[in-house]
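Reading through the structure tokens given below for one structure.
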Amino acid sequence: MKVSIVVPGHLKNFVKDGVKEYVKRIGRFCEINLHQVKKGGDVNTIDSSKILNQESKNILSHVRDSDYVILLDRKGQEFGSREFASFLEEQFLTRSHLVFVIGGALGTSDAVKKRANIVISLSKMTFTHQMSVLILLEQLFRAFKIIRNQKYHY
0 MKVSIVVPGH LKNFVKDGVK EYVKRIGRFC EINLHQVKKG GDVNTIDSSK
50 ILNQESKNIL SHVRDSDYVI LLDRKGQEFG SREFASFLEE QFLTRSHLVF
100 VIGGALGTSD AVKKRANIVI SLSKMTFTHQ MSVLILLEQL FRAFKIIRNQ
150 KYHY
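Numbering-wise (numbering that gives the first Met the number 0), the sequence shown opens with residue 0 and increments by one.
Written out as structure tokens, the structure reads:
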């Protein structure tokens with residue numbers, strides 16, 4: 000089992016420690032990679048469509064034809080933690096690599112949306128892509144604990 004997370008931009012220091020901790024914890028259950036791709040440009044100086052197109056290319060360069068792509072978007076399907084665990088368990092029965100895509104400040108392009116096999120939401124609330132990475136990692140860790148019937152809270 001392999002999980003990748005692709006996100007535009009570099010993580011800020013206040014998020015890095017949490018991300019590092021959850022990547023370590025998840026590493027006991029599967030191979031996990033975080034790909035921080037170059038942003039498409041500065042929203043103050045470059046047209047938003049050009050930024051989305053560039054970010055799309057950068058994101059999709061980390062996606063293979065055989066990958067199952069899960070796009071995070073606030074308009075996507077919502078799961079409870081147990082439902083998310085069941086969804087992951089089901090995917091891992093037939094797939095070897097899940098790729099989670101988190102859009103940048105402008106969201107994602109139509110090309111990325113078309114490539115996605117499913118669109119899910121972490122919440123009806125809007126989060127920065129920085130926080131979305133951390134929340135997703137925590138939910139992945141929780142899901143693996145649920146799948147293995149292990150306690151999460153000690």
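A virtual CB, placed ideally from N, CA and C, is assigned to each residue, including glycine. Since this is a predicted model, take the numbers as computed values, not measurements.
Check	Outcome
I134 and E77 closer than 9 Å at C-beta	no
Local conformation of N148 per DSSP, three classes	coil
Residues near L70 by beta carbon distance below 7 Å, same chain, minus five either side	V100, T107, V111, K112, A115, V118
Simplified DSSP state of K113, which is helix, strand or coil	helix
Whole-angstrom C-beta distance between L139 and I25, which should lie under 8 Å	6 Å
Chain-order list of residues whose beta-carbon lies under 6 Å from that of R73 (same chain, five-residue window excluded)	S120, T125
Collapsed DSSP secondary structure at S85 in the structure displayed	helix
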